[in-house]
Amino acid sequence: MSTIRDFALPDLGEGLTESEIVAWRVQVGDHVELNQIIADVETAKAVVELPSPFEGTVTALHAAEGETVNVGERLFSCDTGGPGDAPAAAPSVETDAAATASTSAATGAAEAQAPASASAEPVETREPTLVGYGAGAERGPKRRPRRLGAAALSEDLVPAPPEHDRIEPDTATHPRGDGTGRGERPRSTPPVRKLARDLGVDLEQVVGTGERGLITRSDVEAAASATTSTAAEPVSQPTPGAREAAPTETRIPIKGVRKHTAAAMVRSAFTAPHVTEFLTVDVTATMELLAGIRGDRAYAGHKVTPLTVVAKALCIAAARTPEVNSRWDEEAQEIVRFGHVNLGIAAATERGLVVPNVKGAERMTLIELADAIAALAETARAGRTAPADLSGGTISITNIGVFGIDAGTPILNPGEAAILAMGAVRRTPWGHRGEIALRDVMTLSLSFDHRLVDGEQGSRFLADVGRILRDPGLALTMA
């Protein structure tokens with residue numbers, strides 16, 4: 001007997017509630033294997049490959065390419081019966097109001113009510129909405145790890161390099177608008193495409209100024225403004241002395257990534273009582289360590305940066321002050337203290353703010369941590385961060401120093417107890433061994449949830465991070 005199973009759009013991380021179907025990898029009638037990629041979907045933050053959670057024959061695709069689907073809505077149906085039971089065409093099935101019941105219960109009820117002569121009729125069983133990827137979600141809430149694809153994090157991930165190390169985008173090798181060939185849809189995000197529709201802008205006529213030709217919100221607004229100006233010119237000649245009134249405001253719909261980020265920040269700011277502390281540290285020894293590493297063949301091919309060292313220092317300090325690596329569970333009225341560090345790295349990308357995290361960062365060597373951060377960088381810049389990398393973070397770092405900022409008051413990533421902001425490294429007159437000398441100095445800013453972390457605990461944690469950066473050799477005694 002054939003069994004029709006539905007695959008609903010899963011929660012793809014960070015609370016995003018909808019996705020757009022970019023491309024189907026299968027068609028009706030195709031046989032799919034367990035965990036075979038069946039579609040590419042695009043959220044406001046990333047393009048995600050969706051694997052099939054079961055094996056069978058595709059009987060229906062419930063959304064067309066370019067269509068937006070909400071989390072929990074059906075994407076495709078699959079006949080999971082044996083090869084001999086596969087129907088020639090997609091069977092017509094009726095959705096029961098009890099579709100939220102378990103697969104076994106729904107199947108059993110349907111078989112009990114069906115007459116013996118109708119045993120060959122397909123029976124529909126509704127899959128519960130999956131969280132994460134593929135079949136792993138059917139076994140429980142634990143997410144199945146995914147391999148990182150190629151991509152990259154924005155400059156927010158990278159520490160402030162010296163001026164001679166900065167690399168500007170090569171407009172000669174990556175011309176504006178490149179990547180949109182004839183017959184291809186221009187590269188843009190769902191919120192930008194919606195804005196273009198609202199403003200009546202044809203994206204085929206817009207040149208993208210974003211990364212690799214990505215069309216941004218400002219590109220669409222500029223195109224809309226140019227169209228309006230062009231249409232208004234031939235109407236009439238202005239009278240002498242008359243001036244055309246310049247627009248005094250621009251209204252931009254709150255949607256997509258901006259709407260999601262705003263909601264998350266408000267929820268965090270008004271749920272967790274924030275406290276922020278600052279510490280200015282002489283990091284000359286750390287910078288000298290990094291200079292020495294660059295000439296060490298053991299580190300060849302590995303990008304070890306100040307961010308890497310700060311991340312390692314954070315992991316060591318968190319083991320000494322576990323309160324900063326915990327979560328407040330309001331519903332259970334419990335404090336969840338983590339025995340691992342899933343280190344979030346705040347990143348500003350073309351799609352907005354994302355905070356992918358390095359799983360098990362406390363177990364990694366300096367090289368492993370550098371490689372893990374670089375891998376997150378690749379996926380984030382290409383907008384292909386896996387949902388598993390956007391969830392499960394326990395503590396975060398944000399590198400505001402790349403923008404020339406010394407200190408700030410970062411808002412906690414929802415569900416975490418602390419976030420550390422690292423400022424720019426500046427050559428500054430500083431007291432050293434009883435004299436004034438030019439030293440490399442950095443300011444650290446730590447925000448923490450005062451429900452979970454007392455002032456003393458936050459201060460000790462921040463001081464430990466500072467001590468390691470001041471004298472990296474202390475890491476050997478503190479680890």
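No gaps in the numbering here: position 346 of the sequence shown is 346 in UniProt numbering, and each next residue is one more. Just so it is clear, CB atoms sit at the ideal spot from N, CA and C, and this is done for glycine as well.
DSSP, reduced to helix, strand and coil, places Thr59 within a strand of the structure shown. Linking His62 to Phe76 through their CA atoms gives a straight-line distance of about 5 Å.
Residue environment analysis places Ile373 among the buried positions, since at least 16 neighbouring C-beta atoms fall within 10 angstroms of its C-beta.
When secondary structure is reduced to three states using DSSP, Val453 falls in the coil class, being assigned neither helix nor strand.
The three-state secondary structure of Thr409, taken from DSSP, is coil.
Counting only the Cα atoms, Leu376 lies some 23 Å from Ser326. With contact defined as three or more Cβ pairs closer than 8 Å, the region 443–455 and the region 343–357 are not in contact.
DSSP, read as helix, strand or coil, puts Ser396 in strand. In the displayed model, Glu49 falls within a strand according to three-state DSSP. For Leu203, no beta strand (DSSP E) encloses it, and the DSSP letter there is neither H nor E. The residue from Leu290, Gly295 and Ser396 with its alpha-carbon nearest to that of Asn342 is Ser396.
Take the alpha-carbon of Leu438 and the one of Pro53: they are about 59 Å apart.
With 16 or more other Cβ atoms from the protein chains shown falling within 10 Å of its own Cβ, Asn357 counts as buried. Around the CB of Gly434, fewer than 16 other CB atoms lie within 10 Å, so the residue is classed as exposed. Apart from sequence neighbours up to five positions away, no residue of its chain approaches Glu221 with a beta-carbon distance below 6 Å. Here Ser188 carries a strand assignment [DSSP, helix/strand/coil].
Residue burial is scored here from C-beta neighbours: Ala23 has fewer than 16 other C-beta atoms within 10 angstroms and is therefore classed as exposed. Apart from sequence neighbours up to five positions away, the residues of its chain that approach Gly360 with a beta-carbon distance below 8 Å are His340, Val341 and Asn342, ordered along the chain. A straight line joining the alpha-carbon of Ala8 with that of Arg74 spans about 4 Å. If you draw a straight line from the Cα of Glu368 to the Cα of Trp328, it is about 30 Å long. A check of alpha carbon separations from Asp440 across Thr286, Val206, Thr57 and Ala46 identifies Thr286 as the nearest.
Setting aside the 5 residues that flank it on each side, Asp198 is surrounded in the same chain by Pro253, each with a C-beta closer than 8 Å to its C-beta; the list follows chain order. With respect to Ala317, Val324 sits close: the two C-beta atoms are nearer than 9 Å. Under DSSP, Pro429 takes part in a beta bridge, and its partners are Leu438. Here the C-alpha atom of Thr284 lies approximately 15 Å from the C-alpha atom of Val465. With fewer than 16 other Cβ atoms inside 10 Å of its own Cβ, Glu67 counts as exposed.
Per DSSP, reduced to three states, the secondary structure at Val28 is coil, with no helix or strand assignment.
Under DSSP, Thr280 forms a beta bridge with Thr443. Going by DSSP, Ala375 is part of the alpha helix (DSSP H) stretching over Leu366 to Arg381. In this structure Leu476 is exposed. Its beta-carbon is surrounded by fewer than 16 other beta-carbon atoms within 10 angstroms.
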